[in-house]
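A short write-up of the structure that comes next.
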Amino acid sequence: MSVDESGAIRFDHVDYSTDGTHILKDITGYFPNGKITTLIGPSGAGKTTLFRLCNGLVSPDAGNIYVQGKAIDRYDPVVLRRTVGLALQQAPMIRGTVKKNLALPLTLQGETMSDEQAKELLNMVGLDEQFLYRDSKGLSGGQQQKLSIARTLVNQPAILLLDEITSSLDQVSQHDIETLIKQINQTYETTIVWITHNLQQAIDIGDYAWVLIDGKVAESGESSLLHHPENRSVQQFVKGEIE
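Its first residue numbered 19, the sequence shown is counted upward by one per residue in my numbering.
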């Protein structure tokens, strides 16, 4: 990649195992600053585990991880999770209003959120201000995902990890979320790393792509590599021969 090799998140020979299973094997590389990198590969390749390492939810057995040039184990966990935000496939909602859900990160820090702050966040993700005091459980899947992303943005993370956030949405909602993520990336220069099973989405949305197969980075580079991969396993994955 012809970009700053320090990267937003950098991996140096990272291994991770659990319950006797070697999940990630000698992961070396980086996610470029201010860009959208998609993370694709067959089920069980280790993509979500890689995210858990990035967010400090688990620690590697070997190797080092650097976030914005600083070793991840030197971060206070609270500071790390403010720096590296995470949005999941199933947008978890707590019981109560949209505002109560939106304010959760501040509530956990003993702080409060004003209506003005909340409305600004809703506007940022394309939700009407009138949603503020609605029951969050009454939102559609796409609206809940937008709320989840807005909640992740409360701490203004420099890096945003997205784990299959559109996989359960209809096409219209999927397009809305894709547009939103591109806007966040371009407006705030937020580094985005997006796990997706949708190959076309990876090509359309990502500046760069990592292909994980059997716990290894089989191929990485500009998203155009997905049109003509060089690695045999990646060729099989792109053709749908590996799922």
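No residue lacks a Cβ here, since even glycine has one placed at the ideal position from N, Cα and C. Fair warning: this is a prediction, and the values are worked out from it, not measured in the lab.
A direct Cα-Cα distance of roughly 6 Å separates I177 from T208.
With respect to T56, A227 sits close: the two C-beta atoms are nearer than 8 Å.
Rounded to whole angstroms, the gap between the alpha carbons of K53 and A168 is 19 Å.
DSSP, read as helix, strand or coil, puts A109 in coil. Comparing alpha-carbon positions, the option among V85, L198, D181 and S251 lying closest to F29 turns out to be V85. Closest by C-alpha distance to A109, out of G81, A136, G128 and S158, is S158. Put simply, the stretch 214-232 touches the stretch 182-196. At least three CB pairs are less than 8 Å apart. Contact annotation: the stretch 68-78 touches the stretch 96-107, with at least three C-beta pairs closer than 8 Å. A contact between stretches requires three or more CB pairs, one per stretch, nearer than 8 Å, and the stretch 42-49 meets this requirement with the stretch 235-255. Boundaries of the beta strand (DSSP E) harbouring N82: A80 to V85, taken from the DSSP string. The Cβ atoms of L150 and V116 sit closer than 8 Å to each other.
In the three-state reduction of the DSSP assignment, E237 falls in the strand class. Here S166 is buried. Its C-beta has 16 or more other C-beta atoms within 10 Å. Per DSSP, the continuous alpha helix (DSSP H) segment holding K117 begins and ends at V116 to L120. C-alpha of S251 to C-alpha of S24: approximately 28 Å in a straight line.
In the structure shown, the three-state DSSP call for V76 is coil. Here the alpha carbon of L145 sits roughly 7 Å from the alpha carbon of Q161. Going by beta carbons, L179 and L104 fall inside the 8 Å limit.
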